[in-house]
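Residues 15 to 316 (my numbering) make up the sequence shown, in order.
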Amino acid sequence: METTVGFVGLGIMGMPMAGNLIKAGFDLTVYNRTRPRTDGLVSAGAMCADSPRDVASKTSVVITMVSDTPDVEEVILGEQGVIEGIRPDAVVIDMSTISPQATIRIAGCLQERKAHMLDAPVSGGEQGAIDGTLSIMVGGEAEVYERCLPIFKAMGRSIIHIGPTGMGQTVKLMNQILVAGTLNAVVEALVFAHRSGVDLERAISAVTGGAAGSWQLANLAPRIIERDFRPGFMIDLMQKDLGLVLEAAASMKIPLPTTSLVHQMFYALQARGEGRSGTQALVKFLETAAGIEVVKPDSDRA
Numbered sequence: 015m016e017t018t019v020g021f022v023g024l025g026i027m028g029m030p031m032a033g034n035l036i037k038a039g040f041d042l043t044v045y046n047r048t049r050p051r052t053d054g055l056v057s058a059g060a061m062c063a064d065s066p067r068d069v070a071s072k073t074s075v076v077i078t079m080v081s082d083t084p085d086v087e088e089v090i091l092g093e094q095g096v097i098e099g100i101r102p103d104a105v106v107i108d109m110s111t112i113s114p115q116a117t118i119r120i121a122g123c124l125q126e127r128k129a130h131m132l133d134a135p136v137s138g139g140e141q142g143a144i145d146g147t148l149s150i151m152v153g154g155e156a157e158v159y160e161r162c163l164p165i166f167k168a169m170g171r172s173i174i175h176i177g178p179t180g181m182g183q184t185v186k187l188m189n190q191i192l193v194a195g196t197l198n199a200v201v202e203a204l205v206f207a208h209r210s211g212v213d214l215e216r217a218i219s220a221v222t223g224g225a226a227g228s229w230q231l232a233n234l235a236p237r238i239i240e241r242d243f244r245p246g247f248m249i250d251l252m253q254k255d256l257g258l259v260l261e262a263a264a265s266m267k268i269p270l271p272t273t274s275l276v277h278q279m280f281y282a283l284q285a286r287g288e289g290r291s292g293t294q295a296l297v298k299f300l301e302t303a304a305g306i307e308v309v310k311p312d313s314d315r316a
């Protein structure tokens with residue numbers, strides 16, 4: 015049977031991911047709550063559906079990419095949700111970042127309709143979505159994963175089947191713990207270096223290739239010193255993810271002190287209206303505390 019793909023949720027990440035599926039030759043049907051966002055994809059060859067239910071009735075694999083656990087529950091389990099139009103043996107791939115426990119519950123509901131679910135959250139930000147180089151961590155049945163691997167390859171570069179349902183979401187939360195801690199280290203290092211009078215561009219180049227190197231350092235540190243706080247990934251979305259991390263950690267009675275601290279720092283920035291800024295705006299919290307602004311010496315703002 016020919017694989018037909020549906021895509022629900024055309025935000026910062028979903029739009030380019032869906033575009034890459036079209037480029038890879040998949041027959042694509044799309045839905046977004048704000049219909050004009052489908053126009054570009056329709057022009058590129060996609061079909062537009064009237065609801066998630068409509069998407070599911072026309073496709074054998076449905077991808078959801080929305081903001082939070084309640085949104086995923088609505089587009090999959092709601093009155094006009096995917097589950098109301100799902101075909102037997104069809105697959106729902108949720109690529110949002112949501113609660114692992116909710117994922118297991120949604121998968122159970124789909125199983126009652128003789129459909130399958132993979133939880134496949136991503137890492138790599140907007141640029142990774144545009145370039146088709148996302149890291150994709152997948153939970154669910156191995157056989158279903160293998161069936162959907164060509165779809166994943168159209169959107170990502172590092173694609174790993176982690177284990178059963180919920181494990182993709184669990185590893186994504188692990189990823190966000192690492193991102194939060196590493197980003198905090200990057201902004202602390204930049205504040206320290208700037209106060210010490212170091213040439214920040216040369217300093218970043220010097221440490222990026224060594225043991226301190228990281229994606230956060232290589233990609234976000236240059237943006238920080240250029241005062242570029244446009245979102246590759248918004249603070250509001252990171253806060254949602256860190257909330258899921260801390261909720262899961264509390265249920266297991268695991269202390270996560272650095273993650274908790276970064277979560278609080280982001281809260282302070284949200285209170286200042288920075289929720290839609292990129293996560294690299296974390297530096298602004300430390301700048302306020304230190305009374306400095308991390309910026310290249312030749313900048314007009316120095």
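Where is the CB? At the ideal position from N, CA and C, for every residue including glycine.
Considering only their Cβ atoms, is the gap separating residue j from residue i smaller than 7 angstroms?
| i | j | result |
| --- | --- | --- |
| residue 90 | residue 118 | no |
| residue 111 | residue 84 | no |
| residue 105 | residue 130 | yes |
| residue 113 | residue 149 | no |
| residue 259 | residue 190 | yes |
| residue 109 | residue 77 | yes |
| residue 230 | residue 201 | no |
| residue 67 | residue 99 | yes |
| residue 61 | residue 73 | no |
| residue 205 | residue 308 | yes |
| residue 207 | residue 222 | no |
| residue 241 | residue 292 | no |
| residue 63 | residue 45 | yes |
On the CB-based measure, 16 or more other CB atoms within 10 Å of its CB, does residue i come out buried or exposed?
| i | result |
| --- | --- |
| residue 299 | buried |
| residue 186 | buried |
| residue 295 | buried |
| residue 107 | buried |
| residue 238 | buried |
| residue 303 | exposed |
| residue 28 | buried |
| residue 48 | exposed |
| residue 268 | exposed |
| residue 50 | exposed |
| residue 157 | exposed |
| residue 255 | buried |
| residue 315 | Unreliable positioning characterises residue 315 in this predicted model, as indicated by a pLDDT of 49, which lies under 50. The coordinate reading is nonetheless provided below. Result: exposed. |
| residue 137 | buried |
According to DSSP, what are the bridge partners of residue i?
| i | result |
| --- | --- |
| residue 152 | 175 |
| residue 22 | 45, 78 |
| residue 131 | 106 |
| residue 136 | 150 |
| residue 248 | 292 |
Can you tell me whether residue i sits near the ligand MG, meaning its C-beta is under 6 angstroms from at least one heavy atom of the ligand?
| i | result |
| --- | --- |
| residue 16 | With respect to small molecules bound, the structure shown includes none, and the ligand MG cannot be examined in it. |
What beta strand (DSSP E) runs, 3 residues minimum, are completely inside the region 56-113?
Here the runs fully enclosed are 75-78, 105-108.
Under 8 angstroms, with one C-beta from each stretch per pair, do the region 236-249 and the region 279-293 reach the 3-pair mark?
These segments touch.
Return the chain-ordered ranges of every beta strand (DSSP E) run that is complete within the region 158-237 and spans a minimum of 3 residues.
Unbroken beta strand (DSSP E) runs of no fewer than 3 residues, entirely contained in the region 158-237, are found at 170-177, following chain order.
Are three or more beta carbon pairs between the region 66-81 and the region 16-24 nearer than 8 angstroms?
Touching, per the Cβ criterion.
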